[in-house]
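Residue numbers (the numbering used here): 5 to 219.
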């Protein structure tokens, strides 16, 4: 409960309502009231009773009111401040208004995605002339004359030319081609890591105070 809240630690902390609604920032704690301020340019001040505070986690002071309920606490400082005030605030501190202006900057977030390339390996025919020596066998005729032996039946001599055909055998080379695996080409993939520098423009915010009016 709020009895466990260290009130001297809640200054400049976020104030949140029910459903985590933004109620502004704690500016001052005095007596039974907490001064909460909303807005950067058009600042609104709300004096919320301490008994509406529910908890404090070190970063956020939570109240049991909604953003709509906040309007009923939009008035001037209470005319009577309790003597048991826990937070002592000097006049200089009460007169000082502070506002927060967030300045953002873009940050490069580089991710990697996988892409696929192709390496092309081409097989092409190469023609060359092969010479193979093959032994081939052939038959030829030779004529040998011998004296006649024995009695044979004699016929009359022929009266014109007569061809006598004698079959002769010979071998010819017949060529056929059969494919076979001469060798194997082994294709391997190996990963290499290259460092590549990427460049991109980023935008950040800064304050230009050259046009600020000065009293």
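We put the CB at the ideal spot given by N, CA and C, even for glycine. Values in this document were obtained by computation on a predicted structure and should not be read as measured data.
Rounded straight-line distance, which links the Cα of residue j to that of residue i
i           : j           : result
residue 30  : residue 107 : 21 Å
residue 161 : residue 182 : 58 Å
residue 66  : residue 33  : 14 Å
residue 152 : residue 159 : 14 Å
residue 176 : residue 193 : 51 Å
residue 146 : residue 164 : 23 Å
residue 268 : residue 25  : The question about residue 268 has no answer here: the residues shown for the chain are numbered 5 through 219.
residue 69  : residue 111 : 37 Å
residue 73  : residue 45  : 22 Å
residue 103 : residue 116 : 41 Å
residue 210 : residue 121 : 44 Å
residue 134 : residue 168 : 42 Å
residue 188 : residue 200 : 37 Å
residue 11  : residue 204 : 47 Å
residue 132 : residue 195 : 38 Å
residue 150 : residue 178 : 40 Å
residue 127 : residue 170 : 54 Å
residue 206 : residue 119 : 26 Å
residue 124 : residue 180 : 33 Å
Endpoints, the beta strand (DSSP E) within which residue i is located
i           : result
residue 146 : Premise fails: residue 146 is in no beta strand (DSSP E) and is neither H nor E.
residue 34  : 26-34
residue 19  : 18-20
residue 1   : Residue numbering for the chain in the displayed model covers 5 to 219; residue 1 lies beyond these limits and cannot be assessed.
residue 51  : 48-53
residue 114 : It is not in any beta strand (DSSP E) - residue 114 carries neither H nor E in the DSSP assignment.
residue 59  : 57-60
residue 66  : 64-67
Cβ pair residue i, residue j closer than 7 Å
i           : j           : result
residue 60  : residue 9   : yes
residue 137 : residue 172 : no
residue 28  : residue 42  : yes
residue 214 : residue 109 : no
Beta-carbon contacts of residue i that lie in its chain and below 6 Å, excluding the five residues immediately before and after
i           : result
residue 18  : 64
residue 141 : 175
residue 22  : 70
Neighbourhood of residue i by C-beta distance below 7 Å, restricted to the same chain and skipping five residues each side
i           : result
residue 14  : 30, 33, 60, 65
residue 202 : 114
### Query
Should the stretch 21-40 be regarded as contacting the stretch 49-68, the criterion being three or more beta carbon pairs within less than 8 Å?
Yes, the stretch 21-40 is in contact with the stretch 49-68.
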